[in-house]
Every structure is written in structure tokens, then in C-alpha cells.
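Asks: The sequence shown: position 65 = 60 (this note's numbering), numbered continuously.
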Amino acid sequence: MIKKISIRQLKPGMFIHDINCVWMEHPFLVGALKIKNDKTIEKIAGLGVREVYIDTLKGLDVIDAPTETEVNAEIEHKMLAMVQQVKPITTTSTLSEELKRSRKVYSEANKIISNIMHDVRIGKQIEVERIDPVVEKMANSILRNKDALLSLCRIKNKDDYTFLHSVSVGALLISFAHALDFKHDVIKLLGVGGMLHDIGKTKVPNEILNKPGALTEEEFVIMKSHVVHGCSILRKSPGIAQVSFDVASQHHERFDGSGYPLGLKNSEMSVYGQMAAIVDVYDAITADRCYHKGMEPTVAIRKMFEWSKFHFNPKLLRTFIRIVGIYPVGTLVMLESGKIGVVIEQSETDMTRPLVRIIFDAKKNYFIAPKDIDLAKPLGQGGSDRIVNYESSAKWNIDPNKFM
């Protein structure tokens, strides 16, 4: 049986089923391991891990610990209660209309950040004026329909992860800031900060940056140094505003002080750093890497909601969930009718009932003519179906992006 326990309850003889920590935040290849000694517990606790899931069939038990099923039910209940109080952001352009424009913007942003990272590797200075125009275009696209650009940002080539991730973080921060009603100039500075937040990785050896396996403790230290390198690079770059610098310098800090490089806590982090920490983790854990399969966005949102007790600003995370949705655009979902569909638009009245494009009949196991169903509509107006679960695109061998 899988149970959740406090790190204080962990002891030798237990088997960790899930280390319950953002996978890139620890030097373990897998999150499952047998606890053999106190030294391992100290190492895990030192990473800022507060709670873990144990497998009682493979190790010692904690009798009164809640089961994984009970924990998930509680998280689901709290999230649903929360989103009923939140109204999704309205749009001025349809997804299909905005996708045509955002594809050009996305391609331009990828080329620019790729070129900038190349220039920094060979010792050139960052020219912020090269980034500003594309950030302006990203902001305008997101203002019209945030889901167009954000859905494109979910598609990542593993070999080009570093700069694709940078563009995604920039786009997500722009959307985040827009939802918080920040001024336009601050929104743009957050976008610039997101684009440059990992610039320090240009100083990390490729064999560590792209290693297809667990990092050694020494390699992990070198990997974490990218934040300090990034700060040094940005300080020497004319035109880098403090807002943008906060994003780059604090995106690995955590709300409970367990992050790095400075171990900042709560208000010691700027609001921009707190936002960057949320966005960076979400995009990283939903991306496929050479040695890690990314989480489905719906799972990632639920895990981050769970982690927000310690690692993230809970109020900011609620706003972020409003942006991406309980079922983010591009998510594959199973309906009560047995039909599988792709979420293509959030509802303005109920985040649990988005607009879904049904494409596959799971009961009969064949594709059907795409049809859009607004699950927020009342019975008799096309809204009689409902989502019962998210689905893995790999399980059904369906690429949701082909149907958007």
C-alpha cells in the first residue's frame, strides 16, 4: 500500500515509492529507493523534501499514515472548491485564429534565445534590444488568447530543451503577470527575465547539462551553479532591469527557504521570483527529457498544489492554476460517454467543464469525426457529458496538437 508520511517519520527499512520532490531538484535517478541508513534520510531532508510516499509492501509501515488514494481525494476536493471561486481569463481571439499568429512569434522567440545563448557561450554580451520586440509580440498574442502560445510551448524537442524551456517560461510569466493585472512595462520585463532565466546554463558543461542519467553529487553542485553564473552574466549586461534580474536569480528559491542559491524565504523573495519559481517548475516537470518522461499537465498542477504547502506561495499558485486550468488546453481527457477529446478552451463559468473537441471513441476503439462540445452548457444544449479523467497521449498514441 502506498502511504504519505512526514520526512520526520522516515526511517531505515522503509521503501520510498515517490520522493515527492520536483525531479530535477535532487541527485537521484529515480524517486523510488530503499532507505538503508540515516545518512540517506539526511540527504533527502537537505533537499527541502518535507513529505514522501512509502510503499508498505516493500518496507516498514506507518500505521496511521493516510493512503495515496485518501491524499489524492483530499487534494481533488480542495482544488475543485478553489476553482469554483475563480473565473478564467477571457479571450478576444479564438484558439485557431491566434495559433496562426503565435506560431510565427514562437518560432522567432526560439531563434532569438538560441542565438543569444550561442553568443554568450563565445563571450559576447547580451543585447536586450534583440529580445524586446519578440517579447512585445508574445505579450500581445497572450492578451488576445493566452492558450495559443502556451499550447505551442508545451511542444519541446529534447535536444533543444534549454532554450525552448526559456521561451516557455517567458510566455508563462507574461500570462501570469497579465492575470495579476500588472502594468504592461512590468509584464514585458518579466517576459525578458523568463527568456533569460537559464542563461547561466551556458557556463555548465554539456556533458552535465545533457547527461542521460542521475547526476553525481559533484555534478549536481555544478548544475546548481547556473543561477550564480546567470546573475554574473546579467549584471554585466546593459539594460537588464531589476524585475528581469529577480526572475533569473530567484527561480530556484523556494517559499519555505529550501531553495538555492541563497535559501531565501517568504518575503525575502520578490513577487517576481516567487512567480518564476512556480512557472519554472511547471514547465520543467511537464517536459520530456532524455531520461525523464514529463508529467501530464493535469497531474503537474495537482502535484504543485500539494507542494504549495511548503515550496510555493499558495495565493500565487491559485492564480497560476487559473491561467493553465485544471485541464490545460491541449490535455487529452476521457468523458463519461467513453469519448476521448482534447481540451481546446477554458470555460468562463466553470474551470472543470471546458470546451472539448472529441476525436476518439474509447469503447469502440476508433477515431471519429472531430466535434466540439461545450461541457459548461446545461443538459439539452450539448453539455450533458462530463470529464471523468485525464488521459495519457502515449497510452492512446494520440497527439493532441494535431487536433487543435
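Where is the CB? At the ideal position from N, CA and C, for every residue including glycine.
Within 7 Å: the Cβ of H12 and any heavy atom of the ligand ZN?
Replies: Ligands in the displayed structure: none, and consequently the ligand ZN is not present.
Asks: Please confirm whether F307 has its beta-carbon closer than 8 Å to some beta-carbon of chain B.
Replies: No chain B appears in this structure, which consists of one protein chain only.
Asks: Among all the DSSP beta bridges, which residues are the ones paired with V47?
Replies: The partner list for V47 (beta bridge, DSSP) reads I0.
Asks: Whether or not the segment 239 to 249 and the segment 186 to 199 are in contact is what I'm after, with contact meaning three or more pairs of Cβ atoms, one per stretch, closer than 8 Å; do they touch?
Replies: yes
Asks: Enumerate in chain order the residues of its own chain whose CB-to-CB distance from K198 is below 6 Å, with the five nearest sequence positions on each side excluded.
Replies: H224
Asks: Does DSSP put M299 in a helix, in a strand, or in coil?
Replies: helix
Asks: Tell me, which residues are paired with R352 by DSSP?
Replies: V337 and D367
Asks: Counting only the same chain and skipping the five closest in sequence on each side, list residues whose C-beta sits under 6 Å from that of D275.
Replies: V164 and H246
Asks: Just to confirm before moving on: does the CB-CB distance between E301 and I70 stay below 8 Å?
Replies: yes
Asks: In this structure, does DSSP put L311 in helix, strand or coil?
Replies: helix
Asks: Helix, strand or coil: how does DSSP classify T62 here?
Replies: In this structure, T62 counts as strand in the three-state DSSP scheme.
Asks: Out of V294, L350, N308 and K358, point me to the one whose CA is closest to E386's CA.
Replies: V294
Asks: Look at the Cβ atom of E131, then the Cβ atom of K183, and state whether they are nearer than 8 Å.
Replies: Result yes, Cβ atoms of E131 and K183 sit closer than 8 Å.
Asks: I need the DSSP call for E386, collapsed to helix, strand or coil.
Replies: strand
Asks: Can you give, in chain order, each stretch of the alpha helix (DSSP H) that sits fully within the segment 176 to 204 and has at least 4 residues?
Replies: Counting only runs of 4 or more, we get 179 to 191 and 201 to 204.
Asks: Kindly indicate the opening and closing residues of the alpha helix (DSSP H) around H221.
Replies: H221 to R230
Asks: Could you check the C-alpha separation between T86 and S262 for me, to the nearest Å?
Replies: 33 Å
Asks: Throw me the rounded Cβ distance for the M329 and V383 pair, which I believe falls under 8 Å.
Replies: Rounded, the Cβ-Cβ distance is 5 Å, consistent with contact.
Asks: Examine the Cβ distances between the segment 251 to 267 and the segment 297 to 314 and report whether three or more of them are shorter than 8 Å.
Replies: yes
Asks: Here's the rule: buried if 16 or more other CB atoms are within 10 angstroms of the residue's CB, otherwise exposed. What is A362?
Replies: In the sequence on display, residue 362 carries Phe and not Ala. It is exposed - the Cβ of F362 has fewer than 16 other Cβ atoms within 10 Å.
Asks: Per DSSP, what kind of secondary structure is Y101 in: helix, strand or coil?
Replies: helix
Asks: Please state the DSSP three-state secondary structure of K397.
Replies: helix
Asks: Give me the Cα-Cα distance between T51 and I11, rounded to the nearest whole angstrom.
Replies: 9 Å
Asks: At the level of alpha carbons, what is the spacing between A60 and I280?
Replies: Each residue's alpha carbon lies about 27 Å from the other.
Asks: State the CB to CB distance for the pair D380 and I368, rounded to an integer number of angstroms; the pair is presumed to be in contact (CB under 8 Å).
Replies: For a cut-off of 8 Å, the C-beta gap from D380 to I368 is around 6 Å, short enough to register as a contact.
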